[in-house]
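Heads up: the structure comes next, in structure tokens.
In my numbering, the protein residues as written are 557 to 734.
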């Protein structure tokens, strides 16, 4: 295979190797683009989960955290994997005479209902920062965070292996059925 494909294109001496070289270059660019777009799309989600996990862990570890009762006012669900459903519950709770709203994330909690009462731990200094008192919010955020990290690591590896396998087939070093 010639190293200078564009010289062959200019001269009109296009052979199968040259066309294959162009295909490999375009395929390489496409694979890199897919991996970069995936990473750019999912890294902000990972950072949001990390920040939220750090905040709820801090609140649950506070010795002077307030335990208040909240009520679920709305629930949104999202299918995360084939087996897991992420529920985001908007909960209203009162501290003193002020009411606060918080969105808490749960995993596989199909028993959540609008109007259900829920115990909330909130920071006594800043009642806006809160978490579920039973720790289910922390568990869900940890699972979602590690799932996101695993996907961000495995996705480029999968594409690299598929790319190298295809190049092996194209170069004739790997025969189909090996």
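By construction, the Cβ of each residue, glycine as well, lies at the ideal position given by its N, Cα and C atoms.
Along the alpha helix (DSSP H) that carries residue i, what are the first and last residues, could you check?
| i | result |
| --- | --- |
| residue 721 | 692 to 727 |
Between which two residues does the beta strand (DSSP E) holding residue i run?
| i | result |
| --- | --- |
| residue 648 | 641 to 651 |
| residue 688 | 686 to 688 |
| residue 655 | 654 to 663 |
| residue 668 | Where residue 668 is concerned, there is no enclosing beta strand (DSSP E), given that its DSSP letter is neither H nor E. |
From residue i to residue j, what does the alpha carbon distance come to, in whole angstroms?
| i | j | result |
| --- | --- | --- |
| residue 665 | residue 715 | 34 Å |
| residue 655 | residue 647 | 10 Å |
| residue 643 | residue 671 | 15 Å |
| residue 590 | residue 658 | 35 Å |
| residue 611 | residue 676 | 14 Å |
| residue 700 | residue 599 | 13 Å |
| residue 717 | residue 703 | 21 Å |
| residue 690 | residue 601 | 25 Å |
| residue 576 | residue 712 | 24 Å |
| residue 726 | residue 640 | 39 Å |
| residue 627 | residue 706 | 34 Å |
| residue 613 | residue 720 | 42 Å |
| residue 688 | residue 620 | 15 Å |
| residue 594 | residue 585 | 14 Å |
| residue 669 | residue 724 | 54 Å |
| residue 722 | residue 583 | 10 Å |
| residue 580 | residue 678 | 56 Å |
| residue 650 | residue 634 | 28 Å |
| residue 683 | residue 636 | 30 Å |
| residue 660 | residue 652 | 21 Å |
Taking residue i and residue j to be in contact with their CB atoms under 8 Å, please state how far apart those CB atoms are, rounded to whole angstroms.
| i | j | result |
| --- | --- | --- |
| residue 622 | residue 692 | 18 Å between Cβ atoms; not a contact. |
| residue 608 | residue 697 | 6 Å |
| residue 645 | residue 631 | 5 Å |
For residue i, list the residues DSSP reports as bridge partners.
| i | result |
| --- | --- |
| residue 626 | 649 and 674 |
| residue 633 | 643 |
Please specify which runs of the beta strand (DSSP E), each continuous and at least 3 residues long, are wholly inside the region 576 to 621, giving them in chain order.
none
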